[in-house]
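Using the working numbering, the letters of the sequence shown map in sequence onto residues 6 to 114. Glycine included, every Cβ here is placed at the ideal spot set by N, Cα and C. A quick write-up on the structure given underneath.
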Amino acid sequence: MTTKKADYIWFNGEMVRWEDAKVHVMSHALHYGTSVFEGIRCYDSHKGPVVFRHREHMQRLHDSAKIYRFPVSQSIDELMEACRDVIRKNNLTSAYIRPLIFVGDVGMG
6 MTTKKADYIW
16 FNGEMVRWED
26 AKVHVMSHAL
36 HYGTSVFEGI
46 RCYDSHKGPV
56 VFRHREHMQR
66 LHDSAKIYRF
76 PVSQSIDELM
86 EACRDVIRKN
96 NLTSAYIRPL
106 IFVGDVGMG
């Protein structure tokens, strides 16, 4: 299955162009897999894009981050709005959304 490249991504609390969303090669997540994620479907409907069980997915993402003691500065509602913003900004009618929370600049060791 191929992934359609979006023009914009929500990264570190702001909307950035796809090519500007960068993670450092020495990030903790890259070396140790310190991340949590969800896989969410957005479907086309007669009312426009609909995110399937959006709140439940974001609650689970938030809970997973809490279990691993990852700091999350956004509320569940803010994360949901970020997903909707990405859908709107990229003019998507359906999509696979992959929110990811990771440990970035903690360092090695």
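Endpoints, beta strand (DSSP E) assigned at residue i
i   : result
V21 : 19-22
V41 : 40-42
F16 : 13-16
Where the alpha helix (DSSP H) through residue i begins and ends
i   : result
R60 : 59-72
A34 : 33-37
Under the three-state DSSP convention, the category residue i falls into
i    : result
R103 : coil
L97  : coil
V108 : coil
V28  : coil
Pairwise C-alpha distance: residue j and residue i
i   : j   : result
S99 : D49 : 5 Å
M6  : R46 : Since pLDDT at M6 reaches only 48, below the 50 mark, its modelled position is unreliable, and the value read off the structure follows with that caveat. About 15 Å.
D68 : K52 : 30 Å
M63 : Y73 : 16 Å
Residue i vs residue j beta-carbon contact at 8 Å
i    : j    : result
I102 : V55  : no
D12  : N95  : yes
S40  : I106 : yes
H59  : M20  : no
W15  : A87  : yes
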